[in-house]
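**Q** Okay, handing you the structure first.
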Amino acid sequence: MDTFLYSLPIIGLLFQVVGYLIAIIPTSAPIILRAATPLGFGALCGVVCERSGIVNIGIEGTMLTAAFTGWVVAIAAVAVLGPMGPGPLGVTPALIIGLVAALLSAVGVSLLHAWLSISLRTDQIISGTIINIAAFGITGYLNNVISAASPTSAGQFGKITPPAELTTLPVVGWLFTTILNQGPITISLLVCAVVLQVLLFRSRWGLRTRAVGEHPKAAETVGIDVIRLRYRNVLIGGVFAGLGGAFLSMELSNSFQAGGTAGRGFIALAAMIVGRWTPLGALGAALLFSLFLTIGQTIGFDPPTGQLGDVVAALPTQVFTALPYIVTIIVLAGLIGRSTPPAADGRPYEREATA
Amino acid sequence: MTAGPDRGKDSGTGPGKGAGPGAGPRRTAWMSRERLLQIRTAVVLPIVAVLLAVVVGSLFIYAADLIANKGALDLGKPLSAYAALVKGSVLGFSPIVTTLVAATPLVFGGLAVALGFKAGLFNIGVQGQLLMGVLGSVAVGVALADQPVFVAVPLAFLAGTLAGAAMGFVPGFLKAVSGAHEVVTTIMLNYVALNILAAFVAGPLRVPKAPAPVTFEVGHAALPIFLGKTGHVGILIAVLLVVVVWWLLYRTTLGFEIRTAGANPDAARYAGMRPRRLIMLTMTMSGALAGMAGAGELLGVTHQTQTSFATSVGFDAIAVALLARSNPIAIIPAAILFGAMRAGAGQMQIEARTPRELVDVLQAVILLVLVVLPVIARALGGRGARVVPEEAQTITKSYASESVPS
């Protein structure tokens, strides 16, 4: 077996890999963007928090809480309001209520992290880890309780249908399909990333955030309230993580699975680092990771042909399931030296006066 | 309520006998005011945390009951649930053995996390290293299934340990070489380990023609039973390792270097210690301990594995290490507490119809109280000591940032 593998012409194989990617990307692109949505939102959460100096390892737990809350509250809303016909995009009042609840729950979890790490000055990674353990335990328990009653799902957000004139354009038509033939949360990711990029580098809030993240003491001396800004940023981050979580249980699917975030919150952290703590960079990294996530899935039902196909068939399928995680590690290890975090990242801030 | 009083008594002797956190090897005034305060925090705080968790847990039990019975509230429900939990974990010989067996991997895992904490490293990868321990010990165990016990058992256990060590070396190496923070890499490696185990069980280790992928049993490589029906010798190995880790940390040069690097990396560097070497060494040892947890579970409890090896040890171990404040001796009572909860959870689910995940809720509340309470006590003017180990305070400092200086 080994000798067979080594005897393959590597260059030819590389060409086949590129060819396979070109072949699957136009059709897989919408899936890639969807897979990138929770990663992207998680990474935006990380960017907003860490730019102000707060490390947020609890993104995973925050997303999990939001996914669960959105799902449950939407179900409860259907039970209270009675079933209603879906409006445009499959939007029902119950789903809207669920989404709002999801965001509120995520902000609530973020408030806990902010309180622990900013006010109590607990170690931020410990605080985030406790949030992850707590979110996993509590949602798992309640999910077990609620699933026993086998509730009827409240449905999910539907996809926008872009005008056919755009999607049928030659060569670039698939791009429009990718971006526009999506649910509202996915499309809002692209908007959020662009808006956040502009705000972070072109607005007063952005300048203050970066100042606080780099040198809080200097920021304080020019009259910026460090504590308040950090609180605000962590809570805003909660909204992003909440959108990422709500996407999982209300747009990608209509159900909640215990531990259903499956490490996306951590891949999001890696995406933030690879994207050098910028919103657009984080979005790009999230897309890169979800590309591998999607390849891992696509390769199962649409395997490549030729020699590449033989290699793929010879490898256990788990190689491809593990692919996004392996790529994350490699990129992280390779890039870290050239990716500098905000200088005050993870350092608790203590006011001179109160010390 | 559960095992509260026992645990308090045990952990009281912990800091008394061992050196306190950060104390030098030869500080003997062990009944000074400070030490008394330390002991008080180490004993009182966990008890308060457990009691509060029991109260909060009751609310969750009510919630479950309300949903299951469509609004009819049974006021005594938490009592019956907790009674079943206690019955399944400490009442009688067989439940106690079950508790000890459940506590064993938590001792190994807790030691793994605590050792990392001491060096200022956060090994969240215990889960993945444990799975590699499972893989290593099942592979060698099945191969040696027909060999004499005294050959098969040590070699299979060693294989699991080494596999875990290898898995722990990777994040240590990555951090030392490139500065990639272990918190992110170890979590990624958990998912990689999951897939490696599945690939081997579905591939070379699979029993031919089995309907679902599963390995053979380990036969003679199974850890001998010495206590009741399920008490395997892994329990004794775990206790032995507690002593070994304590000795390593407080009686050797390496341990001194590890604690110095954890408490103050700059001081360690100026003193001529080599942080890169320490990081790699500590992560490898931590991985080896986690690998032992996996080997113990496989060789002592399950004896074979499917593609997925169901366990929550990796994350419970973090809770154990935090509860024990990274003190190797205190890890035993902490592990017994969480082991008892896991052991009694099944009984609780059967008798009181309370989902076993309640244990996760209790655990989360205990952790939260443990971190929050002393800070609040201090803010109110009390003299509460820190509960999160001092060494853990340096974890965030190295987060994703400063590449490790050589």
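Going down the list, the sequences are from chains S and G.
In this text, residue positions in the first sequence follow my numbering: the first is -6, and each later residue adds one.
In this text, residue positions in the second sequence follow my numbering: the first is 32, and each later residue adds one.
For glycine and all other residues, C-beta sits at the position ideal for the given N, C-alpha and C.
(1) What is the C-beta distance between Val402/G and Ile123/S, in whole angstroms, given that I count them as a contact (C-beta under 8 Å)?
(2) Once the 5 residues before and after Gln337/G are set aside, which same chain residues still bring their CB inside 6 Å of it?
(3) Flag Ile227/G as yes if its beta-carbon sits less than 9 Å from any beta-carbon of chain S, otherwise no.
(4) Establish whether the CB of Gly382/G and some CB of chain S are separated by less than 9 Å.
(5) List the residues of chain G that Phe129/S touches, going by C-beta distances under 7 Å, in chain order.
(6) Asn221/G: buried (16+ other C-beta within 10 angstroms of its C-beta) or exposed?
(7) Can you name the residues of chain G whose CB is closer than 9 Å to the CB of Pro309/S?
(8) Run the CB neighbour count on Ser120/S, radius 10 Å, all protein chains shown included, and call it buried at 16 or more, exposed below.
(9) Under 9 Å, Cβ to Cβ, is there at least one residue of chain C near Ala99/S?
(10) Val443/G and Pro359/G: beta carbons closer than 9 Å?
(11) Can you tell me where the alpha helix (DSSP H) holding Ile266/G begins and where it ends?
(12) Answer yes or no: do Phe259/S and Met219/G have a C-beta to C-beta separation smaller than 9 Å?
(13) What residue from Tyr301/G, Ala233/G and Val223/G has the CA that sits closest to Ala255/S's CA?
(14) Write down the C-beta distance between Leu161/G and Val351/G rounded to the nearest angstrom, noting that I regard them as a contact closer than 8 Å.
(15) Which whole-angstrom value is the C-beta distance of Gly355/S and Ala337/S, which I expect to be below 8 Å?
(16) At the 9 Å Cβ level, is Ala350/G part of the contact set with chain S, yes or no?
(17) Of all the options Ala207/G, Ala324/G and Ile407/G, which has the alpha carbon lying nearest to the alpha carbon of Val138/G?
(18) Starting from Phe150/S and walking both ways along the alpha helix (DSSP H), at which residues does that stretch end?
(19) Going by Cα to Cα distance, which pick from Thr291/S, Thr321/S and Ala239/S is closest to Phe282/S?
(20) Taking the alpha-carbon positions, what's the Gly167/G to Gln158/G distance?
(21) Keeping to the same chain, check which residues put their C-beta closer than 6 Å to that of Thr287/S; ignore five residues upstream and five downstream.
(22) From Ala67/S to Phe169/S, what does the alpha carbon distance come to, in whole angstroms?
(23) Assess, as a yes-or-no matter, whether the region 81 to 90 of chain S is touched by the region 145 to 154 of chain S under the definition of 3 or more beta carbon pairs within less than 8 Å.
(24) Strictly by DSSP, which residues pair up with Ile256/G?
(25) Closer than 7 Å, Cβ to Cβ, to anything on chain G: give me those residues from the region 130 to 143 of chain S, in chain order.
(26) Could you confirm whether any beta carbon from chain G is found closer than 9 Å to the beta carbon of Val312/S?
(27) Please classify Ala141/S: is it buried, with 16 or more other beta-carbons within 10 angstroms of its beta-carbon, or exposed?
(28) Cα-Cα, which of Gly101/S, Thr271/S, Pro335/S and Thr30/S is closest to Gly237/S?
(29) Which residues does DSSP list as the beta-bridge partners of Gln337/G?
(30) Taking only beta-carbon atoms, is Met219/G less than 9 Å away from chain S?
(31) Using the rule of at least 16 other Cβ atoms within 10 Å of the residue's Cβ for burial, across every protein chain shown, is Lys101/G buried or exposed?
(32) Once the 5 residues before and after Ala378/S are set aside, which same chain residues still bring their CB inside 8 Å of it?
(33) Closer than 8 Å, Cβ to Cβ, to anything on chain S: give me those residues from the region 92 to 106 of chain G, in chain order.
(34) Starting from the beta carbon of Glu388/G, find every residue of chain S whose beta carbon is closer than 7 Å, and list them in chain order.
(35) Where does Leu32/S land, buried or exposed, given buried means 16+ other C-beta within 10 angstroms?
(36) Answer yes or no: do Ala186/S and Leu276/S have a C-beta to C-beta separation smaller than 9 Å?
**A** In this structure, then:
(1) Contact holds; Cβ gap of about 6 Å.
(2) Val245
(3) yes
(4) One point to set straight first is that residue 382/G is Glu, not Gly, in the sequence displayed. Not one chain S Cβ lies under 9 Å of Glu382/G.
(5) Asp391
(6) buried
(7) Asn226, Ala229, Ala230, Phe231, Ala233 and Gly234
(8) buried
(9) No chain C is present in this structure, whose protein chains are S and G.
(10) Lying before the first or after the last residue shown, residue 443/G is absent from chain G, which here runs from 32 to 437.
(11) Gly265 to Arg282
(12) yes
(13) Val223/G
(14) Going by Cβ atoms, the distance from Leu161/G to Val351/G rounds to 13 Å, so no, they are not a contact pair.
(15) Past the edges of chain S, shown from -6 to 348, lies residue 355/S, and the structure says nothing about it.
(16) yes
(17) Ala324/G
(18) Careful: Phe150/S lies outside any alpha helix (DSSP H) and carries neither H nor E.
(19) Among Thr291/S, Thr321/S and Ala239/S, the Cα nearest to that of Phe282/S is on Thr321/S.
(20) Whole-angstrom Cα-Cα distance: 14 Å.
(21) Cβ within range, chain order: Ser21, Ile24, Ile25 and Ala28.
(22) 31 Å
(23) yes
(24) His263/G
(25) Gly130, Ile131, Gly133, Tyr134, Asn137, Val138, Ile139, Ala141 and Ala142
(26) yes
(27) So Ala141/S counts as exposed.
(28) Thr30/S
(29) Val245/G
(30) yes
(31) That one is exposed.
(32) Beyond the ends of chain S as shown, which are -6 and 348, falls residue 378/S; an answer cannot be given.
(33) Ala94, Ala95, Ile98 and Ala99
(34) Gly130, Gly133, Tyr134 and Asn137
(35) It is buried - the Cβ of Leu32/S has at least 16 other Cβ atoms within 10 Å.
(36) yes
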